[in-house]
Amino acid sequence: MTRPADFMILSGENIPDYLDERPHLGDRVGTVTQVEMPDDGNINGVYIVQGDRGSIVLKQGLPWVRIIETWELTAERTTREANLFEKWTPFAEGLLPEIFDFDADNHVLAMEDLSGFAILADAFGADDQTANVERVGRLLARAFLNTSPFFLDPAEFSARLVEAENPELAELMEQVVFDQPWESEPLDHCHADLHEEFGEMLADPSLQARIGELKFIFRTVHEGLIHGDLHTGSVMVAGDDLRVFDAEFARYGPIAWDVGEFIGHLRVAAVALEFEGDLAGAKACDLLTARFWDAFEEEVRDGWSRRTDRTFPDPFLDRWLVGQYELAIRFAGAEIARRITGVGKANQIDALPEARMLDASRKLLGEARQLISSGRPAWI
9 MTRPADFMIL
19 SGENIPDYLD
29 ERPHLGDRVG
39 TVTQVEMPDD
49 GNINGVYIVQ
59 GDRGSIVLKQ
69 GLPWVRIIET
79 WELTAERTTR
89 EANLFEKWTP
99 FAEGLLPEIF
109 DFDADNHVLA
119 MEDLSGFAIL
129 ADAFGADDQT
139 ANVERVGRLL
149 ARAFLNTSPF
159 FLDPAEFSAR
169 LVEAENPELA
179 ELMEQVVFDQ
189 PWESEPLDHC
199 HADLHEEFGE
209 MLADPSLQAR
219 IGELKFIFRT
229 VHEGLIHGDL
239 HTGSVMVAGD
249 DLRVFDAEFA
259 RYGPIAWDVG
269 EFIGHLRVAA
279 VALEFEGDLA
289 GAKACDLLTA
299 RFWDAFEEEV
309 RDGWSRRTDR
319 TFPDPFLDRW
329 LVGQYELAIR
339 FAGAEIARRI
349 TGVGKANQID
359 ALPEARMLDA
369 SRKLLGEARQ
379 LISSGRPAWI
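In case it helps, my numbering puts the sequence shown at residues 9 to 388.
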């Protein structure tokens, strides 16, 4: 892969020099003692930089996927992530990582080191995550209101929509959720023992029509600035402390996508716990869906009175919330189906012994079909 002109590709060897050129970062770290690349940095270059004064994380968007350099991907995704952090921070109440610097020329975000945190996906069953899930729900509500036409005048809303355009990453998400799993040859990514169950879904014309409807909404609705890939692996927790990160898919889109993707992963976590034999943990995890939605709805209703455009009456909000819940549940079903049959499998399910993995996958596929079709969760 040819290195772009005037584009410094970070490495363990040149990071000390990079920090020397940016004293505001170098002073925070001091003398570099260790540079570590986390195992989960598949798309971006991610470096935990430790020094004698402190530590930071450098995240660099490369013009390709880090582990597959022949797979080109816009480096501008880091700009979109930086934009979301900038726009969300005023109302995030500490739920985003602290950003120390954004180097647009080299597509590098310098941010808070979260090494003491664990991803939320790994925390279910061990500790009660109700408060953390509610925090995510309230954050999404504030994000929606504060970046929506209800709080912004038309000119500012239009300007922000253009500023946040992220067509390459939006297309990538569209492909992995609404295209690849549902094409005529989708079974390449699906376990052979699941072909019969998923083949029935592919042969269901009403289900295919729903997927087309969801894809159209995903592409054309621009209600507010969304995270774009908000799942239980993009939230980190340390007790009652929480950070939402990995926002490179950020753009203006349907708020129900963020809500639904998160709900889908809550259900995946519950089923994984069930097939691990932790029935109490699974039940507790299932209850989180209602707590998450209730927190979202309550925060939206609390903030509604501060809307700047008063031509939207209270009954409009009631109808909007009903529609958003149903749409979010349908999106949750599409995300669950993708995580079983497409690329980016659900790690909690894949980690099960094969027989239990297949049983859990069959259960989730059946539920995904029901969620997409009905817009109603069966477990609440």
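Yeah, the Cβ is synthetic: ideal placement off N, Cα and C, and Gly gets one too.
Report all residues from its chain with a CB closer than 6 Å to the CB of residue i; omit the five preceding and five following residues, and keep chain order.
i: Met-244; result: Leu-122, Phe-125, Ile-127, Arg-251
i: Met-16; result: Asn-114
i: Ile-107; result: Phe-93, Met-119
i: Cys-198; result: Phe-206, Thr-349
i: Asp-286; result: Gly-133
Which stretch, first to last residue, makes up the alpha helix (DSSP H) that contains residue i?
i: Phe-108; result: No alpha helix (DSSP H) holds Phe-108; the beta strand (DSSP E) holding it covers 107–111.
i: Ser-166; result: 162–171
i: Lys-291; result: 287–312
i: Lys-67; result: Segment 63–68 is the beta strand (DSSP E) holding Lys-67; no alpha helix (DSSP H) there.
i: Thr-319; result: Taken as a continuous stretch (DSSP letters only), Thr-319 belongs to no alpha helix (DSSP H), as it is neither H nor E.
i: Ala-149; result: 138–154
i: Glu-101; result: Run containing Glu-101: none; DSSP gives neither H nor E here.
i: Leu-81; result: Here Leu-81 belongs to no alpha helix (DSSP H), and DSSP marks it neither H nor E.
Taking 8 Å as the threshold (C-beta atoms), are residue j and residue i in contact?
i: Ile-271; j: Ala-340; result: yes
i: Pro-71; j: Thr-82; result: yes
i: Ala-163; j: Gly-232; result: no
i: Ile-357; j: Ser-369; result: yes
i: Lys-67; j: Asn-50; result: no
i: Asp-109; j: Met-181; result: no
i: Val-65; j: Val-43; result: no
i: Arg-61; j: Arg-36; result: yes
i: Asp-161; j: Thr-316; result: yes
i: Leu-177; j: Trp-190; result: no
i: Ala-246; j: Ala-336; result: no
i: Ala-129; j: Gly-241; result: yes
i: Ala-288; j: Ala-278; result: no
i: Gly-383; j: Glu-305; result: no
i: Tyr-95; j: Thr-155; result: A quick correction: the sequence has Lys, not Tyr, at residue 95. For Lys-95 and Thr-155, yes; Cβs fall inside 8 Å.
Tell me which residue opens and which closes the beta strand (DSSP E) that residue i is part of.
i: Ser-123; result: Looking at the DSSP string, Ser-123 is not in any beta strand (DSSP E), and its letter there is neither H nor E.
i: Asp-249; result: 249–252
i: Val-184; result: Segment: none, Val-184 is in no beta strand (DSSP E) and carries neither H nor E.
i: Arg-259; result: 259–261
i: Met-244; result: 243–246
i: Leu-18; result: It is not in any beta strand (DSSP E) - Leu-18 carries neither H nor E in the DSSP assignment.
Among the residues of its own chain, which have a CB less than 7 Å from the CB of residue i, if the five just before and after it don't count?
i: Met-45; result: Val-54, Tyr-55
i: Ala-303; result: Glu-142, Gly-145, Arg-146
i: Met-9; result: Confidence at Met-9 is low in this model, with a pLDDT of 47, below 50, so its placement is unreliable and the value that follows should be read with caution. Hits under 7 Å: Trp-72, Glu-77.
i: Arg-218; result: Arg-338, Ile-380, Ser-381
i: Leu-153; result: Phe-159, Val-308, Gly-311
i: Pro-105; result: Met-119, Glu-120, Leu-122, Arg-251, Phe-253
i: Thr-97; result: Leu-104
i: Leu-215; result: Met-209, Arg-377, Ile-380, Ser-381
i: Ala-112; result: Thr-87
Please look up how many angstroms separate the CB atoms of residue i and residue j, rounded, as I've assumed it's under 8 Å.
i: Glu-282; j: His-239; result: About 19 Å; that fails the 8 Å criterion.
i: Asp-266; j: His-235; result: 5 Å
i: Ala-172; j: Tyr-260; result: 5 Å
i: Val-276; j: Ile-344; result: 6 Å
i: Thr-41; j: Gly-20; result: The pair is not a contact, with the Cβ atoms about 12 Å apart (cut-off 8 Å).
i: Leu-360; j: Ala-280; result: 7 Å
i: Ala-2; j: Phe-186; result: Residue 2 falls outside the range modelled here, since the chain spans only 9 to 388, and no answer is possible.
Give me, in chain order, the residues of the same chain whose beta-carbon lies closer than 8 Å to that of residue i; leave out the 5 immediate sequence neighbours on both sides.
i: Asp-28; result: Gly-34
i: Val-184; result: Arg-346, Gly-350, Val-351, Gly-352
i: Val-170; result: none
i: Asp-212; result: Arg-377
i: Asn-22; result: Met-16
Contact the segment 252–271 vs the segment 76–96: 3+ CB pairs below 8 Å: yes
Cβ pair count under 8 Å reaching 3, the segment 359–370 against the segment 296–306: no
Any 3 or more C-beta pairs closer than 8 Å across the segment 220–230 and the segment 133–148: no
Segment contact, 8 Å Cβ cut-off, at least three pairs: the segment 320–338 with the segment 347–361: no
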